[in-house]
Amino acid sequence: MADSAENSVPALAVTAAVGAVVLLFVLLCSVGRRADKKDEDEQKTETEEKKVNKTEKQTKKSKPAQRHKRIQHVPFSHAWLATILRGHSSSVLDFDFSPNGKYLISTAEDRSAMLWSTKEFSKKEHKFIRGNIELDHGTRVKFSPDSKAFIVCLGNANTARILRIGKKDDGSPGNITAALDFPKKHTAEIIQIGVTSEVLSILDTHQMNNVYAAVSPCGRFVVSSGFTPDVKVWEVVFDKGGGYKDVKRAFELKGHSSGVNCFSFNSDSSRMASVSKDGTWKYWDTNIRYELSQDPYLLTTGSIHCEIPSHISLSPDGRSVAVGGDNSIGFYNAVSGEEEEVLKNIHDGFITELSFDLSNKYLVSSGDKHIVILHNITGYRATISDLESTEIKAIHRLKRKVRQQIAEAK
């Protein structure tokens, strides 16, 4: 029994050793297979990546370079278009008519001011005199009362500069030269300018933010509009010798339900027009006795064609109203309030200025590097209507007079 136990020990040892060798061999084979499989997978992945990269390169080579289509400017065209003034190389920011009605001065981001003759509005080609705005650009421009100079608001310096218009031997305008820079007085951006010799008064409008301001054509009133839904008018009072005396509140235009973006006068300041964020424009009779607390009369209220109106212009004769918003303009009869025409896509950008000329014949707008001159067809129609009405009244008066003479003769 002992011998058989002793004989079994070596057998077990041999069996265990053989089993261990077999197990080790199996493990080694398994590890080898895994390593081979890993190598195969890595090689396969590398091959696939090379194929993908090769495909991408081929795709990139085969794909033509995409070019962005350039949007071509379509020139504005309309039956009411008179002409277009071309000369500026950047956006025109403002323009103004001379008090004598002979010239238009424009200023743009290209650091220039250009003088145009209004006589050439009926022509296709237009000459201009260029003046440089050194080291700055003009954001607003206004003629002097004698039409011999103009003032620009400097965009970077936030102050004003006077430029003189020279005269040739034949009396025509000559070179434009800088004369004087005013000292800086404002910290906020200047929204409007006028011409005077010195600071006469500083007004607090109590309108939170002033949006628009102007001096009336007659020179009697200073007007402002802003965040509040009213237009405030002050009278500039002078003594008998013509010297400045005081500024006092004259009247207000009340009726809008939201802030007033812009307003305009006729030539003698007896009429005004205003346009508001509330979507309406209003036409006012301002020929009142405000010193006796008489309020302006609201004559007409009209709806506007655009969501955000930025400009309004009342013709000098008070018959036509033009409202500008975005890059479109609506023409309205001031008396009836009827919309007569809406002109769209006049400029590539937003309208920056809008004004009738002093003859009532044209409406001028700026918005890109061009100045568009439009026929005031609404004004022509209103004039014809007024003349026809006058004719009918004259006929009736003449009939009454003739009948009276017949009765007296009998």
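Those letters in the sequence shown? Residues 6 to 415, per the working numbering, in order. Glycine included, every Cβ here is placed at the ideal spot set by N, Cα and C.
| Counted within 10 angstroms of its Cβ, other Cβ atoms place Y367 as buried (16 or more) or exposed | buried
| According to the neighbour-count rule (16 or more other Cβ atoms, all chains shown, within 10 Å of its Cβ), is H93 buried or exposed? | buried
| task | Express the C-alpha separation of A218 and V228 in angstroms, rounding to a whole number. | result | 6 Å
| message | By DSSP's criteria, S277 is part of a beta bridge. Which residues make up the other side? | response | One detail in the question is off: residue 277 reads as Met in this sequence, not Ser. Paired residue(s): F270, W289.
| Residue range of the beta strand (DSSP E) that D251 falls in? | Per DSSP, D251 belongs to the beta strand (DSSP E) from 249 to 259.
| Roughly how many angstroms lie between the CA atoms of D152 and V252, to the nearest whole one? | One detail in the question is off: residue 152 reads as Ser in this sequence, not Asp. Using only the alpha carbons, I get a separation of about 26 Å.
| said: Check whether the segment 254 to 267 and the segment 287 to 300 touch, using three or more Cβ-Cβ pairs below 8 Å as the test. | reply: yes
| C-beta neighbour in chain B for I400, strict 8 Å | Here chain B cannot be found, since the structure has a single protein chain.
| request: Using a threshold of 8 Å, state whether the C-beta atoms of S360 and F102 are closer than that. | output: Remark: C-beta atoms of S360 and F102 approach each other more closely than 8 Å.
| Can you list, in chain order, the residues of its chain whose CB lies under 6 Å from that of Y337, leaving out five sequence neighbours each side? | G307, V326, E344
| field | Touching by the beta-carbon criterion (3+ pairs, under 8 Å), the segment 106 to 119 and the segment 390 to 397 | value | no
| request: Can you grab the Cα-Cα spacing for the pair G264 / S230, in whole Å? | output: Rounded to whole angstroms, the separation of the alpha carbons of S230 and G264 is 8 Å.
| So is A412 buried or exposed if we call it buried at 16+ other beta carbons inside 10 Å? | exposed
| Does the beta-carbon distance from R91 to H375 come in below 8 Å? | yes
| By Cβ distance below 6 Å, which residues in the same chain neighbour F81 in space, the five residues on each side in sequence not counted? | I351
| alpha helix (DSSP H) containing A387: first to last residue? | 382 to 414
| Distance between beta carbons of G372 and T417, contact taken as under 8 Å | Limits of the chain in this structure are 6 at one end and 415 at the other, which puts residue 417 out of reach.
| request: In angstroms with no decimal places, state the Cα-to-Cα distance between T388 and D186. | output: 44 Å
| query | What's the C-alpha gap between R135 and H401? | reply | 56 Å
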